[in-house]
Amino acid sequence: MSIGMQQSWLLTLIPLTSFLIVSLFGKKLPRQGDWIVVLSGSLCFLITLLIIGDFQSFFHGHGFEPVGNNIYNFDWINIPNYLLIEYSTFVDAITVVMLFVVSLVGLMVIIYSIGYMQGEQRYHWYFSLLAFFLAAMFTLITTGNLLQLYLAWEGVGLGSYLLIGFYWEKQSAAEAAKKAFITTRIGDVGLLIGIIMLWRVAGTFDIQTIIQLAQESTFSDGYLTTAMIFLFFGAVGKSAQFPLHVWLPDAMEGPTPVSALIHAATMVVAGVYLVSRMLPIYTLLPIAQNLILITGLITALLAATMGLLAQDIKKVLAYSTVSQLGYMFVALGVGSLTAAMFHLFTHAFFKALLFLGSGSVIHATHKQDISQLGGLKNKMPITFVTFSIGALSLAGIPPLSGFWSKDEILLYTSEFGAIFYGLLLFAALLTAIYSTRLVILTFFGTPKDQEANDHAHESPKLMSVPLLILAFFATVSGFFIFPFVGNLVGFDSGFSGIVYLDHPHDFHIELSTMLVAISVSLLGVLIGYLYWLNADGRRAENAKEWAPEVRNLLLNNYYFDNFYQAIINKFILGLASIIAWFDDQVVNRSGIDGSAQIINYIGFRLKFLQTGKIPNYVLMMALGIILFSFIMVVNY
Amino acid sequence: MFSKIPLPDQFDRLIITGGIVTASTTLFILSILLILKFLDFISYTEVFFWLISTGMIIGALASVLLKNIVHAVFSILAPLLGIVAIYLFLGSEFLALAQLLIYGGGVVILLLFALMMTNVQDQPLVEDGSQKPFSIIICILIGLILISRLLSADLNLSTVSSAELSVLAGVIFTDFLIPFLLVGLLLDIALTGALLNGKTHNVVATKRDGD
Amino acid sequence: MIALENFLILSTILFSIGFFGVLSRKNAILILISVELMLAAVGINFVAFASFFDTSQLSGHIFTLFVIAIAAAEVGLALGIIIRLFRDRNSVNIDEANDLKW
Numbered sequence: 001m002s003i004g005m006q007q008s009w010l011l012t013l014i015p016l017t018s019f020l021i022v023s024l025f026g027k028k029l030p031r032q033g034d035w036i037v038v039l040s041g042s043l044c045f046l047i048t049l050l051i052i053g054d055f056q057s058f059f060h061g062h063g064f065e066p067v068g069n070n071i072y073n074f075d076w077i078n079i080p081n082y083l084l085i086e087y088s089t090f091v092d093a094i095t096v097v098m099l100f101v102v103s104l105v106g107l108m109v110i111i112y113s114i115g116y117m118q119g120e121q122r123y124h125w126y127f128s129l130l131a132f133f134l135a136a137m138f139t140l141i142t143t144g145n146l147l148q149l150y151l152a153w154e155g156v157g158l159g160s161y162l163l164i165g166f167y168w169e170k171q172s173a174a175e176a177a178k179k180a181f182i183t184t185r186i187g188d189v190g191l192l193i194g195i196i197m198l199w200r201v202a203g204t205f206d207i208q209t210i211i212q213l214a215q216e217s218t219f220s221d222g223y224l225t226t227a228m229i230f231l232f233f234g235a236v237g238k239s240a241q242f243p244l245h246v247w248l249p250d251a252m253e254g255p256t257p258v259s260a261l262i263h264a265a266t267m268v269v270a271g272v273y274l275v276s277r278m279l280p281i282y283t284l285l286p287i288a289q290n291l292i293l294i295t296g297l298i299t300a301l302l303a304a305t306m307g308l309l310a311q312d313i314k315k316v317l318a319y320s321t322v323s324q325l326g327y328m329f330v331a332l333g334v335g336s337l338t339a340a341m342f343h344l345f346t347h348a349f350f351k352a353l354l355f356l357g358s359g360s361v362i363h364a365t366h367k368q369d370i371s372q373l374g375g376l377k378n379k380m381p382i383t384f385v386t387f388s389i390g391a392l393s394l395a396g397i398p399p400l401s402g403f404w405s406k407d408e409i410l411l412y413t414s415e416f417g418a419i420f421y422g423l424l425l426f427a428a429l430l431t432a433i434y435s436t437r438l439v440i441l442t443f444f445g446t447p448k449d450q451e452a453n454d455h456a457h458e459s460p461k462l463m464s465v466p467l468l469i470l471a472f473f474a475t476v477s478g479f480f481i482f483p484f485v486g487n488l489v490g491f492d493s494g495f496s497g498i499v500y501l502d503h504p505h506d507f508h509i510e511l512s513t514m515l516v517a518i519s520v521s522l523l524g525v526l527i528g529y530l531y532w533l534n535a536d537g538r539r540a541e542n543a544k545e546w547a548p549e550v551r552n553l554l555l556n557n558y559y560f561d562n563f564y565q566a567i568i569n570k571f572i573l574g575l576a577s578i579i580a581w582f583d584d585q586v587v588n589r590s591g592i593d594g595s596a597q598i599i600n601y602i603g604f605r606l607k608f609l610q611t612g613k614i615p616n617y618v619l620m621m622a623l624g625i626i627l628f629s630f631i632m633v634v635n636y
Numbered sequence: 001m002f003s004k005i006p007l008p009d010q011f012d013r014l015i016i017t018g019g020i021v022t023a024s025t026t027l028f029i030l031s032i033l034l035i036l037k038f039l040d041f042i043s044y045t046e047v048f049f050w051l052i053s054t055g056m057i058i059g060a061l062a063s064v065l066l067k068n069i070v071h072a073v074f075s076i077l078a079p080l081l082g083i084v085a086i087y088l089f090l091g092s093e094f095l096a097l098a099q100l101l102i103y104g105g106g107v108v109i110l111l112l113f114a115l116m117m118t119n120v121q122d123q124p125l126v127e128d129g130s131q132k133p134f135s136i137i138i139c140i141l142i143g144l145i146l147i148s149r150l151l152s153a154d155l156n157l158s159t160v161s162s163a164e165l166s167v168l169a170g171v172i173f174t175d176f177l178i179p180f181l182l183v184g185l186l187l188d189i190a191l192t193g194a195l196l197n198g199k200t201h202n203v204v205a206t207k208r209d210g211d
Numbered sequence: 001m002i003a004l005e006n007f008l009i010l011s012t013i014l015f016s017i018g019f020f021g022v023l024s025r026k027n028a029i030l031i032l033i034s035v036e037l038m039l040a041a042v043g044i045n046f047v048a049f050a051s052f053f054d055t056s057q058l059s060g061h062i063f064t065l066f067v068i069a070i071a072a073a074e075v076g077l078a079l080g081i082i083i084r085l086f087r088d089r090n091s092v093n094i095d096e097a098n099d100l101k102w
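Chains as they are written, first to last, in this note's numbering: chain F, 1 to 636; chain U, 1 to 211; chain H, 1 to 102.
(1) Taking C-beta to C-beta, are F74 of chain F and E65 of chain F nearer than 8 Å?
(2) Three or more beta-carbon pairs under 8 Å between the region 518–537 of chain F and the region 425–437 of chain F, yes or no?
(3) Let me make sure I understand the geometry here. Which of F:S259, F:L291, F:D250 and F:K377 has the alpha-carbon closest to that of T226 of chain F?
(4) Here's the rule: buried if 16 or more other CB atoms are within 10 angstroms of the residue's CB, otherwise exposed. What is Q148 of chain F?
(5) Where does L83 of chain F sit, in a helix, a strand or coil, going by DSSP?
(6) When you compare the CB of L619 of chain F with every CB in chain H, is at least one pair closer than 8 Å?
(7) Along the chain, where does the alpha helix (DSSP H) containing T118 of chain U start, and where does it finish?
(8) Name, please, each residue of chain F whose Cβ falls closer than 8 Å to the Cβ of L141 of chain U.
(9) Let me check one thing: in DSSP terms, what residues is S88 of chain F bridge-paired to?
(10) Quick check on N81 of chain F - is its C-beta less than 8 Å from some C-beta in chain U?
(11) When DSSP labels each residue in this structure, what does F59 of chain F get in the three-state scheme?
(12) Excluding the five sequence neighbours on either side, which residues of its own chain have a C-beta within less than 7 Å of the C-beta of A364 of chain F, listed in chain order?
(13) Taking all protein chains shown into account, decide if I599 of chain F is buried (16 or more other Cβ within 10 angstroms of its Cβ) or exposed.
(14) Would you list, in chain order, the members of the region 85–99 of chain H that have their beta-carbon closer than 7 Å to a beta-carbon of chain F?
(15) Looking at L441 of chain F and I674 of chain F, is the spacing between their C-beta atoms short of 8 Å?
(16) L125 of chain U bridges to which residues according to DSSP?
(17) State the beta-bridge partners of N145 of chain F as determined by DSSP.
(18) Below 7 Å on C-beta distance, what does Q123 of chain U contact in chain F?
(19) Compile a chain-ordered list of the residues in the region 7–29 of chain H whose CB is closer than 8 Å to at least one CB of chain F.
(20) Entirely within the region 276–312 of chain F and at least 4 residues each: give me those alpha helix (DSSP H) ranges in chain order.
(21) Run through chain U and tell me which residues come within less than 7 Å of V42 of chain H, C-beta to C-beta.
(22) Report buried or exposed for E549 of chain F, applying the criterion of at least 16 other Cβ atoms within 10 angstroms of its Cβ.
(23) Please state the DSSP three-state secondary structure of N487 of chain F.
(24) Are T143 of chain F and F100 of chain F closer than 8 Å when you measure CB to CB?
(25) Are F133 of chain F and V105 of chain F close, meaning C-beta to C-beta below 8 Å?
(26) For my contact list, M228 of chain F and A288 of chain F are in at a C-beta cut-off of 8 Å; report their separation, rounded to the angstrom.
(27) Within a Cβ cutoff of 6 Å, which residues of the same chain sit near F127 of chain F, ignoring the five residues on either side of it in sequence?
(28) Do G478 of chain F and T431 of chain F have their beta-carbon atoms positioned less than 8 Å apart in this structure?
(29) Quick check: the region 22–42 of chain U against the region 165–179 of chain U, are at least 3 beta-carbon pairs closer than 8 Å?
(30) Following the continuous alpha helix (DSSP H) through G524 of chain F, name the residue where it begins and the one where it ends.
(31) In angstroms with no decimal places, state the Cα-to-Cα distance between N557 of chain F and A300 of chain F.
(32) Is E93 of chain U close to chain H? Criterion is C-beta to C-beta, closer than 8 Å.
(33) Use the C-beta contact count for E36 of chain H: other C-beta atoms within 10 angstroms, 16 or more gives buried, fewer gives exposed.
(34) Considering E415 of chain F, what are the terminal residues of the alpha helix (DSSP H) in which it resides?
(35) Which residue from F:V316, F:G445 and F:I602 puts its Cα closest to that of L533 of chain F?
(36) Do you know offhand how far T89 of chain F's Cα is from V67 of chain F's?
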């Protein structure tokens, strides 16, 4: 049996099996079973390549014509004419892109983790969780129906929760895990409501059927808009968009490879994936689409500003992740599936690279605060080079991958409206500034902490090789936009000819927007370079003097956390105390204790009926017989 | 005359009173029935039936009403043996035989043994429960309800078919074989249970403090 | 010939008397006797119906046979229990055996 698109369920099965094996028997296996997870990760990558090959054979330059070969399903629960729950997989261009990203980054992170987590306690548990997360993530991106998507959605949420709280002995890690879980859960409620609303009218969970029904106007416009906004709310929670973005920076409490895998490359783009999957419906609904656009834009700007002053190396990256996810939502908001998926594709590589690079730095120095770092350029050359590639790619410097995808988004946004274009350019400028700042404060200048610097050394091969591989992809993945690169790997068109919404279109260079983008990026890098190089942190002091309010605002993340905490304290806890009072007084004292006391009293009174004399009982029996006899006599 | 026979005092009185009461009532009823027979109201069969029925009812009443526990247990013999005759009337010889052997031969003797092993010789008189008057009403009520129901039913049958022993045996050992074997097993278990129950040394464990 | 009703009425009367005995007696042995009386009454009922209705199957006769067998087993066990009760508390008055009441 050849493995193709119909066998994508293997991608769920293999990591899940390794999860079970490693979590149950990991302690007894040699090397605590990490090789099992590596093996399953490699197998998944291999299967992904086979699936891509199969995908290619159904791809004809002007479209993807699978004639049902991309679908696999069996009935899970089938109540005829009422409810059909299937396990189903569905593979198309979006899935293929996601599969490649997840399996490659997943494999890199697993290999990297062997070096990074060496000697940690609960080593096998960490690897089994990675496998569990991969299983859930593969289920999520290969799913063909919404219910299975929800299941996998919660699965990745659980994996994320457990991995953020991996160092649960640390108070902050435990709280960050809780925060991440609860915040995304708020969005998940919206997702569930949306799924139920769609199911109520469509009568099916199958995504393609729902899209078809929506295009045939089976739903009323208002109903569909409401349902899709609820669905989008789920994506907002998972992808850390504007009102619910607060969990992602805190999620950096987890081990760094986890941040690279879950909180940069894969899980957080699940929201983007969901909206991309549903984009044919969203394009029918201007209100919902504008909501996506505005949410994405606000997030991109806010997160970029917050990244400017963050002190923790991983938090800067987290804010930039949030910001880049905002970019993707902007692309979806303007209706360009190609741009969103392309940015997702490139971003996954360079952001995973950045996280793994920062992990390498943390591993070497045991410090995360960039004001404590510096001067690592010569100590860790591989990390420095790869990290710089990632950062420049993030900043949007050509010819690195980030430039091409960001340019694509900017291009579509410029066609949409000048104001969005301008704001997005501003965010790009900020992105360039903070990524430059990150590199300079970490690798240039004089070391602030000489002792840590002395101990710093280049990471082992297990960690540096994944960095190099990811750096390679961060460099070249942008070129997939060109048709000739597509030809090289077997597709006869570029990225925009593979992943598209209604019809494939060729890549074209809009020189003006490209020049503007290049100049903005270079300007940002220049500003960052001039401002922070050789500044040794004094410039931050300056900022305290000339704009203390802005600085405080940014350092406190626009007081979002305080605001939410206030809401929780004043409103939710107040409501909860009312409910607690109700529960205590009405439900417990009156309802449960009260009924028990009534029964107790009645029982005390009635117990005297039990005389202990058998003839009494027989007499009661006789009375009962007579009663029934009379009833029967009357009835006949 | 009786003093020469080595019997306890109460047995003397039992035999005298029981004999006098039985003989007088039987003679009285027999004479009534014979008069009815000679006036051609009833046949000889019916004479016997009524005689036996009356005896059974009197015996049953005596067994539930008499104060002396020994008299009560002896009185139960009348209905239990009367049933033998009833079964014969109904054409079931085998059942009649079984009834005679098991009840007349087994159960009543067992009951007398039980009486012997309890304190009947010290206190032969028993007192009844406080709900006796109420129970009379209840039982008359139940009897009347049942009789009224059965009289209102339409039972126009007067031919008795006798159950021949060979036919009965055939049915028991074919259709009812499994239940028959199970009843045998049940009896075995009951025997073992009664044996275990009667063992002396277990009693100590259940003996309460202060008794 | 004797009609079916006669047997049934006899059985009913015996049953009622037996029931009265169960209700009114305090001595365990006498209650057991009353129960035997009721069982015998039921036996008459079975055989009467079987003889008048069920000519081929003889189910009523066989049922009565089983009733007799089970009654014998019951008497054996019950008397064992009664004797044990007597040994335990020197009385067979069942009103005194009321440990399990409230």
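No residue lacks a Cβ here, since even glycine has one placed at the ideal position from N, Cα and C.
The relevant details are as follows:
(1) Residue numbering aside, residue 74 of chain F sits at position 74 when the first sequence is read from its first letter. Residue numbering aside, residue 65 of chain F sits at position 65 when the first sequence is read from its first letter. No, the pair does not count as a contact, with Cβ atoms beyond the cut-off.
(2) yes
(3) Taking the first sequence and counting its residues from 1, one reaches residue 226 of chain F at position 226. The candidate whose alpha carbon is nearest that of T226 of chain F is F:L291.
(4) In the first sequence, residue 148 of chain F corresponds to position 148, counting from 1. So Q148 of chain F counts as buried.
(5) Sequence index remark: in the first sequence, residue 83 of chain F carries index 83 (1-based). Looking at L83 of chain F - three-state DSSP - the assignment turns out to be strand.
(6) Walking along the first sequence from the start, residue 619 of chain F turns up at place 619. Output row for L619 of chain F: interface = yes.
(7) Working through the second sequence from its first residue, we reach residue 118 of chain U at position 118. Careful: T118 of chain U lies outside any alpha helix (DSSP H) and carries neither H nor E.
(8) Counting from one through the second sequence, the residue named residue 141 of chain U turns up at place 141. Simply I626.
(9) In the first sequence, the residue the question calls residue 88 of chain F occupies position 88. Beta-bridge pairing links S88 of chain F to F:N73.
(10) Sequence index remark: in the first sequence, residue 81 of chain F carries index 81 (1-based). N81 of chain F does not count as touching chain U.
(11) One-based indexing of the first sequence puts residue 59 of chain F at position 59. The answer is strand: DSSP assigns F59 of chain F an E or B state.
(12) Start at 1 with the first residue of the first sequence, and residue 364 of chain F comes out as number 364. Correct list, in chain order: M380, A456, H457 and S459.
(13) As a working mapping, residue 599 of chain F is identified with position 599 in the first sequence. Under this definition I599 of chain F is an exposed residue.
(14) I94, D95 and N98
(15) What the structure shows of chain F is the stretch from 1 to 636, and residue 674 of chain F is not part of that stretch, so it cannot be assessed.
(16) Residue numbering aside, residue 125 of chain U sits at position 125 when the second sequence is read from its first letter. L125 of chain U pairs with U:N68.
(17) The count along the first sequence starts at 1 and reaches residue 145 of chain F at position 145. BP columns for N145 of chain F point to F:D206.
(18) Within the second sequence, numbered from 1, the residue matching residue 123 of chain U stands at position 123. Among the residues of chain F, none has a CB under 7 Å from the CB of Q123 of chain U; the nearest is roughly 20 Å distant.
(19) F19, V22, L23, S24, R25 and K26
(20) 279–282 and 286–309
(21) Within the third sequence, numbered from 1, the residue matching residue 42 of chain H stands at position 42. Residues of chain U passing the Cβ test: none, with the nearest at roughly 11 Å.
(22) One-based indexing of the first sequence puts residue 549 of chain F at position 549. Exposed, by the Cβ-count rule.
(23) Within the first sequence, numbered from 1, the residue matching residue 487 of chain F stands at position 487. In this structure, N487 of chain F counts as helix in the three-state DSSP scheme.
(24) Position 143 of the first sequence, counting from 1, holds the residue named residue 143 of chain F. Position 100 of the first sequence, counting from 1, holds the residue named residue 100 of chain F. No, they are not a contact pair.
(25) Residue mapping note: residue 133 of chain F aligns to position 133 of the first sequence, counting from 1. Residue mapping note: residue 105 of chain F aligns to position 105 of the first sequence, counting from 1. Cβ distance not < 8 Å, so F133 of chain F and V105 of chain F don't count as in contact.
(26) Looking up residue 228 of chain F in the first sequence gives position 228. Looking up residue 288 of chain F in the first sequence gives position 288. With a Cβ gap of about 5 Å, M228 of chain F and A288 of chain F count as contacting.
(27) Looking up residue 127 of chain F in the first sequence gives position 127. Hits under 6 Å: V22, D34 and V37.
(28) For the purposes of this step, residue 431 of chain F is identified with residue 431 of the first sequence, where counting begins at 1. For the purposes of this step, residue 478 of chain F is identified with residue 478 of the first sequence, where counting begins at 1. No, the Cβ-Cβ distance between T431 of chain F and G478 of chain F is not below 8 Å.
(29) no
(30) Along the first sequence, read from residue 1 onward, the residue named residue 524 of chain F stands at position 524. Element bounds for G524 of chain F: L511 to W532.
(31) As a working mapping, residue 557 of chain F is identified with position 557 in the first sequence. As a working mapping, residue 300 of chain F is identified with position 300 in the first sequence. Cα-Cα distance, rounded: 14 Å.
(32) The residue you call residue 93 of chain U lines up with position 93 of the second sequence. Judged by the 8 Å Cβ criterion, E93 of chain U is not in contact with chain H.
(33) For the purposes of this step, residue 36 of chain H is identified with residue 36 of the third sequence, where counting begins at 1. Label assigned to E36 of chain H: buried.
(34) The sequence position of residue 415 of chain F within the first sequence is 415, counting from 1. Segment S401 to F416, the alpha helix (DSSP H) holding E415 of chain F.
(35) Translated into the one-based positions of the first sequence, residue 533 of chain F becomes position 533. Residue F:G445 is the option with its Cα nearest to L533 of chain F.
(36) The residue labelled residue 89 of chain F in the question sits at position 89 within the first sequence. The residue labelled residue 67 of chain F in the question sits at position 67 within the first sequence. Between T89 of chain F and V67 of chain F, the C-alpha separation is close to 15 Å.
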